[in-house]
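Chains as they are written, first to last, in the working numbering: chain W, 1 to 759; chain C, 760 to 855.
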Amino acid sequence: MVGSIVGKPAAIRAVVSVGIFLSAFRLVAADAWQVAEAPLRYKLDLGRKPTHASAGYFATLPDGGIIRAATPATTVVSDDGKVLPSYLLWHNSETGFSIVFADPGAGAKSVNVYVQPGAGARTWRPSTGLTPSAILSVFPGRDTPPAAQTLANLGRVEAAVHYGENFGYAKAPFSIGGDLTGRPKPAAFYLLSHVEAPVAGNYWIAPFIHGGQCEVLVDGNKITPKEKSKLWGGTGASVELTKGLHRIEVLQTAPGTGPYSTDPKGGGLMYLTWHPPKEEIKGAESRILKPSEIARSGSCILTGVEAHDGSPVAAAKVTPGLTYWFENEDPLLIYEFGALTSGHPPGTTVSWTFSEGGAIEGAKIRWIVPGFREGKARLTVKSGQNVSTCIVPFFGFSTQKTSLENSGHREAFRDVLADMLAAFPRNPDPVATWGDAWWNNLIRTVEGGEGEKLLGRLFTDHFEAARKKLAPAQLFVLEDVFLDVILRDHPDENFKWLQRFFAGTTDAARQNDLRFREGELHMYYLNDRKKAEGIFTVLASLRSELGERAKIRLGDLALLSGDLNKATSYYADVQNRARTARNAAPAPTGSLITKQLLDGSPAKPVPVTPMATGQPPQKTGAATDQKGGALQEVSLSENVRTLTGNGFLLEARQALLAWENEFPLSKISGDYILRESGIYIKMDDWKRAQPMLEAYCREIDASSYLPEAISMLIYCVQVSKAQPASIRDIVETVKGRLKYHPVAGQLDKFLSTAGPASK
Amino acid sequence: MKNSTAKKVMSSALAATLCTGTLLSGDGTGEAGFVPPPREMKKPPAPPRVASSAETVLACCCCPVTPMSRTEAKKPPQPPILITKIKEEDPAKGKK
């Protein structure tokens with residue numbers, strides 16, 4: 001640039017140099033503090049442009065205590081250093097303050113709003129030349145015309161009042177539908193808007209009022225609607241308007257209680273219609289206003305709040321998110337709280353405290369809040385000795401669609417709740433005050449293989465509260481889900497939890513269940529099969545379902561150790577006893593485990609067969625019984641497969657258990673091994689899936705399930721990154737048996753890369 | 760006029776014959792011990808829990824105010840439907 005002006009006349013050089021200097025100054029100016037007297041500035045990015053230049057930009061900026069209860073005087077400076085006229089609309093410390101400022105022009109992208117608390121704010125008036133539109137101010141809890149008038153007076157308003165843009169809705173662009181924040185009736189409203197009269201002349205203005213009291217002012221003059229005809233829009237008033245923008249204000253009340261009507265026909269509080277001069281309207285006296293006839297102020301995005309002295313300023317944005325609302329329960333919502341950290345010195349810490357107790361750190365955090373209730377959080381930012389705090393108010397309401405079919409939505413609830421549990425104080429424990437909605441949603445969002453963080457936190461820090469609030473069956477299943485989850489990756493920790501849960505109950509059946517779990521822990525995860533055998537031998541003496549299952553596990557241990565005869569003997573013994581009542585009850589399908597939990601009923605599978613009572617096996621063997629048994633076995637297998645495929649892992653395991661109790665011989669002669677491994681593979685539980693697959697492939701000489709079993713075994717080894725050589729012998733043996741089967745190609749490929757077998 | 764009436768009658772008769780043939784043949788109705796499949800393949804009604812908890816009111820721009828919608832519940836698992844035919848042999852006849 002400098003090179004390009006060399007050789008030019010001195011006067012031109014001087015002008016260009018000044019230009020360069022000014023441009024550089026403006027760039028610096030955008031970041032420099034442009035209003036020395038202002039201790040605070042809000043940084044705004046300009047969003048949607050105004051429909052009319054005079055409509056300017058509208059912004060609501062947070063206060064929460066940082067303005068120290070003073071009415072803020074604002075100076076808005078564009079990014080090129082231009083000071084823009086700005087005016088206050090409303091202010092209270094809860095909602096913050098809303099302003100309208102002049103359009104800086106097409107090229108502008110951002111502005112700084114400098115604030116001088118108590119310096120004499122300029123409140124907007126029609127004479128300012130700006131035409132803010134369409135802005136709705138709402139006073140919840142009041143339904144009188146004077147309350148609406150206080151809003152029309154602008155300036156400082158009560159803490160409950162809030163304000164924002166009002167877009168109407170498709171069928172009535174100029175309307176007041178209700179409180180858009182979700183707060184219920186009663187309320188008083190004030191709508192400040194400007195509409196564009198396309199031509200000069202006499203306009204018929206006809207408001208439709210669906211509820212409450214309504215007053216419409218055109219350019220500050222109240223209209224008195226009178227009936228002109230019985231046609232639609234026949235009640236209104238004639239007003240002489242010039243071409244261009246005109247101010248229309250609506251003061252409206254909404255008496256009663258509860259939510260606003262969502263009915264597109266009869267809902268809403270009021271809407272406005274008009275009849276411009278010379279326009280032909282058939283069968284009616286007026287028509288609704290077109291969206292293009294209503295002026296709209298531009299919008300802004302708040303990006304930061306900074307202090308002149310460089311200290312951090314506490315300011316936040318609150319964003320409602322997913323909704324967890326079922327039947328007659330209280331709704332729970334995930335809210336995102338984000339601190340505006342722009343301009344914070346390095347090392348600034350951000351923390352949040354909530355009314356129920358609990359403090360959490362982080363510039364952006366999520367918290368679950370009850371729906372349809374006012375709430376407050378306190379934000380604190382610290383940098384060295386400088387501390388700034390503000391109150392962040394919110395009302396629990398969200399329109400985000402949520403589905404528990406979506407795993408991300410289930411995970412979001414679990415993750416946020418786990419973070420809350422970590423932040424909760426121990427005494428008094430807020431968990432002790434949780435209502436049904438909290439517990440039910442916790443149960444709904446915990447699935448097989450999910451929820452380790454949440455349940456770990458619950459049982460670590462809030463076990464006593466959980467034990468007091470939950471029914472035993474609910475607590476036991478949550479314990480079981482947790483034990484299943486940590487079994488995979490933390491078997492040692494699992495053992496400690498087993499001991500803790502064992503000590504926490506006096507229910508003998510529950511204690512035996514936990515002993516059984518301990519046996520499986522030693523058997524599959526701690527590789528101590530001797531200890532497992534000892535536990536199962538003791539449990540096998542029980543005359544109950546658990547005793548039968550313990551015998552099946554002893555059979556499993558025999559299969560794992562290579563004794564197929566012994567395994568078959570155990571399985572056949574159990575199966576014979578189960579045979580007598582094989583078709584006594586339907587398979588346990590059709591209802592969610594969570595449903596059982598929510599009902600507080602025991603989360604046990606529907607028994608397919610009464611378990612052993614020590615009776616000798618009954619003689620059956622009729623062809624019908626055998627066929628019925630085969631049919632039921634197929635049904636159980638299909639049931640497990642479908643449940644696993646659809647991701648109902650808890651239910652699939654319950655169905656697998658029912659199958660195992662009924663037909664343990666299927667482990668050898670049927671496709672049980674495939675269905676069982678399928679569940680554990682889906683749960684990423686390789687330690688559980690692999691040993692039984694190895695035993696099956698090693699011990700079963702030939703079966704139609706062998707090819708799939710060996711494929712699953714190879715998959716397990718590959719995904720779990722286990723040593724391929726560890727199963728080389730088994731794969732070689734199976735390959736010998738399935739020389740001409742299509743799976744042989746896969747086995748060859750595996751063997752070529754598996755390396756030599758370990759000795 | 761006569762021709763078109765005759766055509767209509769013939770078409771209806773032909774359709775009725777074809778439908779009857781389809782309904783009566785090949786479903787095993789004539790075989791002893793076989794329970795024919797249900798004629799109307801109507802889906803069973805949804806369990807009440809889903810009906811009450813999955814009533815989602817979508818946020819829309821055609822309502823005066825946007826309501827908060829309820830959460831869609833996880834649907835219960837549907838058991839697989841297995842249809843089979845068991846043939847009972849008469850042991851007295853000694854057939855295999």
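Backbone N, C-alpha and C fix where the C-beta goes; we use that ideal spot for every residue, glycine too.
| Check | Outcome |
| --- | --- |
| Chain W contacts from the segment 826-841 of chain C (Cβ-Cβ distance under 7 Å) | PRO826, MET827, SER828, ARG829, THR830, GLU831, ALA832, LYS833, LYS834, PRO835, PRO836, PRO838, PRO839 and LEU841 |
| Identified DSSP bridge partners for HIS91/W | PHE97/W and ARG156/W |
| Residue-chain proximity (PRO184/W, chain C), Cβ-Cβ < 8 Å | no |
| Members of the segment 328-355 of chain W near chain C, C-beta cut-off 8 Å | PRO331 |
| The segment 36-50 of chain W touching the segment 184-191 of chain W, judged by at least three CB pairs closer than 8 Å | no |
| First through last residue of the alpha helix (DSSP H) which encompasses VAL416/W | 407-423 |
| Extent of the continuous alpha helix (DSSP H) to which GLY680/W belongs | The sequence as given places Tyr at residue 680/W; Gly does not occur at that position. Where TYR680/W is concerned, the enclosing alpha helix (DSSP H) stretches over 672-682. |
| Nearest-angstrom Cα separation, counted from ALA630/W out to LYS846/C | 14 Å |
| Residue-level contact to chain W via CB, THR764/C, 8 Å cutoff | no |
| Chain C contact for SER292/W (CB, 8 Å cutoff) | no |
| Proximity test, Cβ basis, 8 Å: VAL768/C and chain W | no |
| Near-chain C residues of the segment 242-266 of chain W (beta-carbon distance less than 8 Å), N- to C-terminal order | PRO259, TYR260, SER261, THR262, ASP263 and PRO264 |
| Anticipated Cβ contact below 8 Å, GLY178/W with ALA206/W, distance rounded | Not quite, the Cβ-Cβ distance comes to about 21 Å (not below 8 Å), so this is no contact. |
| Straight-line Cα distance separating ALA314/W from ILE334/W | 22 Å |
| Residues that DSSP places opposite THR75/W in a beta bridge | TYR114/W |
| Integer Cβ distance of SER466/W from LEU454/W, believed to fall under 8 Å | In the sequence on display, residue 466/W carries Ala and not Ser. Not really, about 12 Å apart at Cβ, beyond 8 Å. |
| C-alpha gap between ASN386/W and THR273/W, whole angstroms | 55 Å |
| The alpha helix (DSSP H) enclosing GLN34/W, as first and last residue numbers | No alpha helix (DSSP H) holds GLN34/W; DSSP gives it neither H nor E. |
| Buried/exposed call for VAL28/W, threshold 16 Cβ in 10 Å | Because VAL28/W sits at a pLDDT of 45, beneath the cut-off of 50, its placement in the model cannot be relied upon, and the following sentence gives the value as read from the coordinates. VAL28/W should be labelled exposed. |
| Per-residue burial, ARG829/C [other beta carbons within 10 Å of its own, 16 or more giving buried] | buried |
| Separation of VAL392/W from ALA102/W, as counted between CA atoms | 28 Å |
| Within chain C, the residues that TYR324/W reaches when beta carbons sit closer than 9 Å | THR830 |
| Amino acids of chain C, ordered along the chain, whose beta-carbon sits closer than 7 Å to that of ASN646/W | PRO836 |
| DSSP-derived helix/strand/coil call for ILE360/W | strand |
| Where GLU651/W meets chain D, residues with beta-carbon distance less than 7 Å | Absent from the structure: chain D. Protein chains present are W and C. |
| Range covered by the beta strand (DSSP E) that runs through LEU322/W | 316-324 |
| Closer than 9 Å at the beta carbon, the chain C residues around GLY178/W | PRO823 and VAL824 |
| Residues of its chain near THR341/W, where Cβ-Cβ distance is below 6 Å and the 5 sequence neighbours each way are ignored | ALA363 |
| Continuous beta strand (DSSP E) stretch holding PRO707/W: start and end | Element bounds for PRO707/W: not the beta strand (DSSP E) but the alpha helix (DSSP H), 706-719. |
| Neighbourhood of THR568/W by C-beta, 8 Å cutoff - its chain only, sequence neighbours within 5 removed | GLY555, LEU665 and ILE668 |
| Option in PRO320/W, ILE365/W, THR319/W and GLY310/W with minimal Cα separation from HIS344/W | GLY310/W |
| Whole-angstrom distance between ARG378/W and HIS490/W, CA atom to CA atom | 38 Å |
| Coil, strand or helix - GLU831/C by DSSP | strand |
| Which of helix, strand or coil DSSP assigns to PRO345/W | coil |
| Chain-ordered chain C contacts of LEU643/W [CB-CB under 8 Å] | PRO836 |
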